[in-house]
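Peer 1:
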Amino acid sequence: MKSNGKPKPRFTFEDPERVEQIFSQYPDKKSATLPLLHLAQSQEGYISNSVIDSIAELVDCHPAVVMDCVSFYTMFYTKPHGRNIIQICQTLSCSLNGADELVDHVTDKYKIKPGETTADDQFTLMKVECLGSCGTAPVVQMNKEYHESLTKQKFDELLAEFE
Amino acid sequence: MNTFKPVLTEHIDQKDCHTLSFYKSIGGYTALEKVLTMNPDHVTQEVKDSNLRGRGGAGFSTGMKWGFIPKDSNKPKYLINNADESEPGTFKDRLLMNKAPHQMLEGMIIAAYAIGCHTSFIYIRGEFYQEYKLLEQTIAEAYDNNILGQNILGSNYSLDVVIHRGAGAYICGEETGLLESLEGKRGWPRIKPPFPAIEGYLQSPTIVNNVETLSCLPHIINRGASWFKSIGPEKGPGPRLFCISGSVNNPGVFEEPMGVSLKDLIFDRAGGIPDDKQLKAVFPGGSSSAILTANEAMDVMMDFEELVEKGSMLGSAGIIVMDETVNMVQACLNIARFYAHESCGQCTPCREGTSWLVMMLTRLINGGGKPGDIDMLFEIADNIGGLIDFSKGSFGKTICPFGEAVAWPVRSFVEKFKGEFMEYLPQEKVVA
Ligand SMILES: Cc1cc2nc3c(=O)[nH]c(=O)nc-3n(C[C@H](O)[C@H](O)[C@H](O)COP(=O)(O)O)c2cc1C
Ligand code: SF4
Ligand code: FES
C-alpha cells in the first residue's frame, strides 16, 4: 500500500447471500461476472474501480479482465449518472415514428444533449439502439421501464412524474 | 381467406395467460410428460421430421443441429435459449416471454432432454428487465411444481434453468458472441469451426436456440411432425411470428403460416400505410436483410427459399415498412449507424468499414457529396460483407455474419434507390 494516498474505500456487496446464490447457478466462477456487475451497479449506480477490484477477486481473475468486460457493454456505466436515465431508441422504426422529436424535446426542455446530465442531477439523456419493441414505436426506456407508443404529450406526463 | 388458427399466440389475449395454472388448463406440460417417456433420440427425430427451422435468423434445421451433439462425449451438454432479441424490427420473443413463458419453458425442457442437458440458460437482453422478473416467477413456479429440478414429474430426468442477463450489446445475439458473454467476457464472436454443438459454453457441447423455435416444440410433440410440416411450405413449415413496424397503421406481431404473402401482412394484418401514402421499400427479415422495393414486396411469399431467390432473406421475420416520404439516404444512414455502434470491433473490415459508411453517408447528407461516392459506398460494403451467395452458406471476410448483415442492407439501399443517392452528388447527372 502506498503511504502517500488514502486507502481506497473497498466495495462490498450488501447482499452476500445473493452473491452466493449467483455463484451456485454457474459451473464456473467467471460466468458470474455479468450478474455480479449488474448487482453491483444496482447497489452503487455505476461500476467504480473498487467494484472491478472486488469482482475480480471474487471470480478469480485479473481486474483488467473485468474492466475489459465492463467497457464492452453499454449498460454498464463507469461514471455516475443522473438519478433518472432517459433512453430514447433512435433506430429506424422509432425514428420513422417520431423518436428524433422526442430527443429534441428533452434537449429543449432540460437543456441537455444526448450523453449529458441536468445540473440538478435529475435526468441523464441517452440515445440508444433498437430496444426490441419496434411495434410500439417510439419507445423510451426510463430507468428500467419501457414506455411505448409515446406522443409528446404522454412523454411530458411521464417526465413530470420524475421531476 | 384466412383459415389458419394461431398456435403460439392462441391464448395471449386471455387473463393470466402467463401463469402455470392457466397454462395447465390448456394442456400445458402434457408434451413434456410424453417426452419424458420417450427415448431422447426419438424426440430429436420427431423434431427433425417436422422440418422446423430456427426462428432466430439463420433458419437452420433444429433437429439436425441437435443431431450434431457428440454422442460419445462425457462432457456436460448445455442448452441456451437465445432471448437476446436485438435485431432491429424484431419484437416477437418479448411477446412470447410476457404472454406464454411456460410454453417457452416447456420447449426448453424438451430440447434439453433431447440433447442430454442438465443445466440450461436463458440469455435475455439486459434491457428486458420486466421480462426477466416475470421469467424468475415462471421458473420458481416450475420448481415448486416439480417441472424443474430433480426428477422432473417423477422421471429420472433432472434439469436446472438459469436466467442470465445481457448488458446491451447486439452482437451477443450471435451465438458464439453469446457464449463468450455468458462466460463473463466481452461478446466477441468465435471463429467457427468448432461449432457450438461440438465446443460451446466452457468448451462443452452446446445448442443455442431462439425463444420462438423452442416455443414450437410442445406443439410438435403433441400434434406430431406431419401436422407441423403441413403448415405452409414443406421445406420450411410451421407457424411464424411476423413483426411489422415502421410506416403502418396497425403495427404488431402477427402469427401466420410460413409462406404468407408480404402484401397481405402489410395491407391486411398491419392495416396498410397511414394517410394512404405509397409503399416505398420494406425490410422483410430484420435490418440485416436486403430491402425490397415496393414492386418486389407486393409479389413475395414469406418463405426461406423465396426470399433468398429475391436476393434477401427471411431472417428474424422483422418487417420494417417505409413509405414514400422516407428519405432512403437517411434511412440507410440510420441502419449504418446502428451497425457501426454495434460492431464488436474484432475484424478490421467490419470495425473500420461501418464507421466509414457512417462518415460518408453523413457527409453526403450534409451536402458534401463527391463524384465517385456511389462506387465508394459499394466498395466499402463489399469490403465488409463481400458479394456472397447466401443460399450456398458462404460467408466472406469477417469472423461472424455481422459483416454480411451490414453489407446487404447498405448495398440494397444504394442499388435500388441509386437516383436518390445521386441527388446528393451535385457534380453527377442522375441517370435514369
Ligand atoms: C449479428 C447477429 C445477431 C443475432 N442476433 C440474434 C438474436 O438477437 N436472437 C436470436 O435468437 N438469434 C440471433 N442470431 C442468430 C444466432 O446466432 C443463432 O443462429 C440462433 O440463436 C440459433 O437459434 P435458432 O436455430 O433457433 O434460430 C444472430 C446472429 C447474428 C449473426
Ligand atoms: S464481423 Fe463485426 S461483429 Fe462480427 S466478429 Fe467481426 S467485427 Fe465483430
Ligand atoms: S427501433 Fe426502436 S424499439 Fe426497435
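From first to last, the protein sequence lines stand for chains V and L. So the first sequence is residues 34 to 196, counted in our numbering. So the second sequence is residues 2 to 433, counted in our numbering. Just so you know, even glycine gets a beta-carbon here, dropped at the ideal spot from N, CA and C.
Over the uninterrupted alpha helix (DSSP H) stretch that includes V/VAL52, give me the two end residues.
Peer 2: Mapped onto the first sequence, residue 52 of chain V falls at position 19. Here the alpha helix (DSSP H) through V/VAL52 covers 49–58.
Peer 1: Just to confirm my understanding: we take L/VAL327, look at its own chain, exclude 5 residues before and 5 after, and list those with CB closer than 8 angstroms. What are they?
Peer 2: Looking up residue 327 of chain L in the second sequence gives position 326. The residues are SER248, LYS281 and ALA282.
Peer 1: Buried or exposed: L/PRO427, going by 16 or more other Cβ atoms within 10 Å of its Cβ?
Peer 2: In the second sequence, residue 427 of chain L corresponds to position 426, counting from 1. L/PRO427 is exposed by the Cβ-count criterion.
Peer 1: What residue range is occupied by the uninterrupted beta strand (DSSP E) comprising L/THR120?
Peer 2: If you number the second sequence from 1, residue 120 of chain L lands on position 119. Note, L/THR120: beta strand (DSSP E), 118–125.
Peer 1: Thinking L/LYS66 and L/GLY117 are a contact (beta carbons under 8 angstroms), I'd like their distance in whole angstroms, please.
Peer 2: The residue given as residue 66 of chain L occupies position 65 in the second sequence. The residue given as residue 117 of chain L occupies position 116 in the second sequence. The Cβ separation is near 14 angstroms, so there is no contact.
Peer 1: Taking C-alpha atoms, which residue in L/VAL36, L/PHE61, L/ALA59 and L/LEU96 lies nearest to L/TYR114?
Peer 2: Along the second sequence, read from residue 1 onward, the residue named residue 114 of chain L stands at position 113. L/TYR114 has its Cα closest to that of L/VAL36, out of L/VAL36, L/PHE61, L/ALA59 and L/LEU96.
Peer 1: Between V/GLN74, V/SER83, V/PRO171 and V/SER128, which lies nearest to V/THR184 when the distance is taken from Cα to Cα?
Peer 2: Counting from one through the first sequence, the residue named residue 184 of chain V turns up at place 151. For V/THR184, the nearest C-alpha among the options comes from V/PRO171.
Peer 1: Note down the Cα distance separating L/LEU242 from L/ILE320, rounded to an integer number of angstroms.
Peer 2: For the purposes of this step, residue 242 of chain L is taken as the residue at position 241 of the second sequence. For the purposes of this step, residue 320 of chain L is taken as the residue at position 319 of the second sequence. Their backbone Cα atoms lie some 11 angstroms apart in a straight line.
Peer 1: Smallest Cα separation from V/VAL98: which of L/GLU181, L/SER62 and L/PRO89?
Peer 2: Residue 98 of chain V sits at position 65 when you count from the first residue of the first sequence. Cα-wise, what sits closest to V/VAL98 is L/GLU181.
Peer 1: Are the beta-carbon atoms of L/GLN15 and L/PHE5 separated by less than 8 angstroms?
Peer 2: Residue numbering aside, residue 15 of chain L sits at position 14 when the second sequence is read from its first letter. Residue numbering aside, residue 5 of chain L sits at position 4 when the second sequence is read from its first letter. Contact flag unset, no.
Peer 1: Would you mind sorting L/ALA337 into buried or exposed? The rule is 16 or more other CB atoms within 10 Å of its CB.
Peer 2: For this step, residue 337 of chain L is matched to residue 336 along the second sequence. Counting Cβ neighbours within 10 Å, L/ALA337 comes out buried, since at least 16 surround it.
Peer 1: Do the segment 366–380 of chain L and the segment 216–232 of chain L make contact, defined as three or more Cβ pairs closer than 8 angstroms?
Peer 2: Taking 8 angstroms as the limit for Cβ pairs, the verdict is that the segment 216–232 of chain L does not touch the segment 366–380 of chain L.
Peer 1: Going along the chain, which residues of its own chain have a beta-carbon closer than 6 angstroms to the beta-carbon of L/GLY387, five neighbours each way excluded?
Peer 2: As a first step, residue 387 of chain L must be located in the second sequence, where it is residue number 386. For L/GLY387, where only same-chain residues beyond five positions count, the Cβ hits under 6 angstroms are GLY397 and LYS398.
Peer 1: Would you say V/SER152 lies against chain L (beta-carbon separation less than 8 angstroms)?
Peer 2: Here residue 152 of chain V refers to the residue found at position 119 when the first sequence is read from its first residue. It should be pointed out that residue 152 of chain V corresponds to Ala in this sequence rather than to Ser. Output row for V/ALA152: interface = no.
Peer 1: DSSP three-state call for L/ALA143: helix, strand or coil?
Peer 2: Sequence index remark: in the second sequence, residue 143 of chain L carries index 142 (1-based). If DSSP states are grouped into helix, strand and coil, L/ALA143 belongs with the helices.
Peer 1: Would you check if the distance between the CB atom of L/ALA101 and the CB atom of L/LEU9 is smaller than 8 angstroms?
Peer 2: Here residue 101 of chain L is taken as the residue at index 100 of the second sequence, counted from 1. Here residue 9 of chain L is taken as the residue at index 8 of the second sequence, counted from 1. It is a contact, given that the beta carbons lie within the stated cut-off.
Peer 1: Just tell me which of L/THR20, L/ASN210, L/GLU405 and L/CYS401 has its CA closest to the CA of L/ASN99.
Peer 2: Working through the second sequence from its first residue, we reach residue 99 of chain L at position 98. When each option's Cα is compared against that of L/ASN99, the closest is L/THR20.
Peer 1: Would you mind listing the alpha helix (DSSP H) stretches within the segment 145–212 of chain L that are 4+ residues and don't spill past its ends, in chain order?
Peer 2: Complete alpha helix (DSSP H) runs here, min 4: 176–183.
Peer 1: DSSP state of L/GLY394, grouped into three classes?
Peer 2: By 1-based counting over the second sequence, the position of residue 394 of chain L is 393. Reliability of the predicted coordinates at L/GLY394 is poor, the pLDDT of 49 falling under 50, and no value is obtained from them.
Peer 1: At the level of alpha carbons, what is the spacing between L/ILE13 and L/ARG95?
Peer 2: In the second sequence, residue 13 of chain L corresponds to position 12, counting from 1. In the second sequence, residue 95 of chain L corresponds to position 94, counting from 1. Distance between the alpha carbons of L/ILE13 and L/ARG95: 12 angstroms.
Peer 1: Among the residues of its own chain, which have a CB less than 6 angstroms from the CB of L/CYS401, if the five just before and after it don't count?
Peer 2: Counting from one through the second sequence, the residue named residue 401 of chain L turns up at place 400. These residues qualify, in order along the chain: GLU175 and PRO190.
Peer 1: Where does L/HIS165 land, buried or exposed, given buried means 16+ other C-beta within 10 angstroms?
Peer 2: As a working note, residue 165 of chain L is residue 164 in the second sequence. Its Cβ being crowded by 16 or more others within 10 Å, L/HIS165 is buried.
Peer 1: Report yes or no: do the segment 243–263 of chain L and the segment 216–235 of chain L share at least 3 C-beta pairs separated by less than 8 angstroms?
Peer 2: The segment 243–263 of chain L, when compared against the segment 216–235 of chain L, does touch it at the 8 angstroms Cβ threshold.
Peer 1: To be precise: take each residue of the segment 133–146 of chain V, compare its Cβ to all Cβ atoms of chain L, and keep it if any distance is under 7 angstroms. Which residues remain?
Peer 2: Residues passing the 7 angstroms Cβ filter: none.
Peer 1: In this structure, does DSSP put L/LEU293 in helix, strand or coil?
Peer 2: Sequence index remark: in the second sequence, residue 293 of chain L carries index 292 (1-based). Three-state DSSP puts L/LEU293 in a strand.
Peer 1: Whose C-beta lies closer than 6 angstroms to the C-beta of L/ILE385 among residues of the same chain, with five residues either side of it excluded?
Peer 2: Working through the second sequence from its first residue, we reach residue 385 of chain L at position 384. Taken in chain order, the residues that qualify are PRO350, CYS351, GLY354, GLY404, VAL407 and ALA408.
Peer 1: What residues in the segment 87–110 of chain V bring their beta carbon closer than 7 angstroms to a beta carbon of chain L?
Peer 2: Answer set for the segment 87–110 of chain V: VAL92, ASP101, CYS102, PHE105, TYR106, THR107, MET108 and PHE109.
Peer 1: Going along the chain, which residues put their C-beta within less than 5 angstroms of some heavy atom in ligand 3?
Peer 2: Going by the Cβ distance cut-off, the answer is V/CYS122, V/THR124, V/SER126, V/CYS127, V/CYS163, V/LEU164, V/SER166, V/CYS167 and V/VAL172.
Peer 1: Please determine whether the Cβ atom of L/ILE172 lies at a distance below 7 angstroms from any heavy atom of ligand 2.
Peer 2: Here the question's residue 172 of chain L lines up with position 171 in the second sequence. Under cutoff, so the answer is yes.
Peer 1: In whole angstroms, what is the alpha-carbon distance linking L/ILE366 and L/GLY420?
Peer 2: As a first step, residue 366 of chain L must be located in the second sequence, where it is residue number 365. As a first step, residue 420 of chain L must be located in the second sequence, where it is residue number 419. Going by the C-alpha atoms only, they are around 14 angstroms apart.
Peer 1: Buried or exposed for L/MET314, please, with buried defined as at least 16 other CB atoms from any protein chain shown within 10 angstroms of its CB.
Peer 2: Within the second sequence, numbered from 1, the residue matching residue 314 of chain L stands at position 313. By the 10 Å Cβ count, L/MET314 comes out buried.
Peer 1: Helix or strand or just coil, what does DSSP make of L/ARG56?
Peer 2: Position 55 of the second sequence, counted from the start, is the residue given in the question as residue 56 of chain L. Looking at L/ARG56 - three-state DSSP - the assignment turns out to be coil, as it is neither helix nor strand.
Peer 1: Return helix, strand or coil for L/TYR133, following the three-state DSSP convention.
Peer 2: Here residue 133 of chain L refers to the residue found at position 132 when the second sequence is read from its first residue. In the structure shown, L/TYR133 sits in a helix (DSSP, three-state: H, G or I).
Peer 1: When the Cα of L/LEU293 is compared with those of L/LEU149, L/ARG187, L/GLY312 and L/PRO41, which residue comes out closest?
Peer 2: Position 292 of the second sequence, counted from the first residue, corresponds to residue 293 of chain L. The shortest C-alpha separation from L/LEU293 is found at L/GLY312.
Peer 1: What distance in whole Å lies between the Cβ atoms of V/LEU67 and V/ILE88, which are believed to be in contact at a cut-off of 8 angstroms?
Peer 2: Here residue 88 of chain V corresponds to residue number 55 of the first sequence, with the count starting at 1. Here residue 67 of chain V corresponds to residue number 34 of the first sequence, with the count starting at 1. The pair is not a contact, with the Cβ atoms about 10 angstroms apart (cut-off 8 angstroms).
Peer 1: Less than 8 angstroms between CB atoms is the rule here; does V/LYS177 satisfy it with respect to chain L?
Peer 2: Here residue 177 of chain V corresponds to residue number 144 of the first sequence, with the count starting at 1. At least one chain L Cβ lies under 8 angstroms of V/LYS177.
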